[in-house]
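Engineer:
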Amino acid sequence: MAKASARHILVKDEAFCKELIDKIKNGEDFEKLAKEHSKCPSGRNGGDLGEFGPGQMVPEFDTVVFNEEVGIAHGPVKTNFGFHIVEITSRS
Numbered sequence: 247m248a249k250a251s252a253r254h255i256l257v258k259d260e261a262f263c264k265e266l267i268d269k270i271k272n273g274e275d276f277e278k279l280a281k282e283h284s285k286c287p288s289g290r291n292g293g294d295l296g297e298f299g300p301g302q303m304v305p306e307f308d309t310v311v312f313n314e315e316v317g318i319a320h321g322p323v324k325t326n327f328g329f330h331i332v333e334i335t336s337r338s
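For the sequence shown, my numbering gives the first residue as 247, with consecutive numbering after it.
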């Protein structure tokens, strides 16, 4: 079975999500931005979600984590929770 590890930043506004993605792409620290801005409790841990398998996250999230490139910021990913920046840290 596939497994992945990821971290994310959750915000309520798509425009702000895009601003944060630009900051990450320009070298700002993902973990620091997650601690400062994420609305998810995982933000306290730099957005780390640990390891999980397919179907353990909402479908929009799973689609990114199990199909997109590892190690870069993806987003905005819209879910019922808001807008996410997702970085896949590993996948097997």
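Just so you know, even glycine gets a beta-carbon here, dropped at the ideal spot from N, CA and C.
Glu333 lies in the beta strand (DSSP E); which residues open and close that run?
Structural biologist: 328-337
Engineer: Assign Arg253 to buried or exposed, taking buried as 16 or more other Cβ atoms, counted over all protein chains shown, within 10 Å of its Cβ.
Structural biologist: Arg253 comes out buried.
Engineer: Examine the Cβ distances between the segment 301-321 and the segment 281-290 and report whether three or more of them are shorter than 8 Å.
Structural biologist: no
Engineer: Excluding the 5 residues preceding and the 5 following Lys258 in the sequence, name in chain order all residues of the same chain whose CB lies nearer than 8 Å to its CB.
Structural biologist: Lys285, Gly328, Phe329
Engineer: Apart from the five residues on each side of it in sequence, which residues of its chain come closer than 7 Å, Cβ to Cβ, to Asp294?
Structural biologist: The beta carbon of Asp294 sits closer than 7 Å to the beta carbons of Arg253, Ser288 from its chain, once the five residues preceding and following it are set aside; these are given in chain order.
Engineer: Specify the secondary structure class of Pro300 as computed by DSSP and reduced to three states.
Structural biologist: coil
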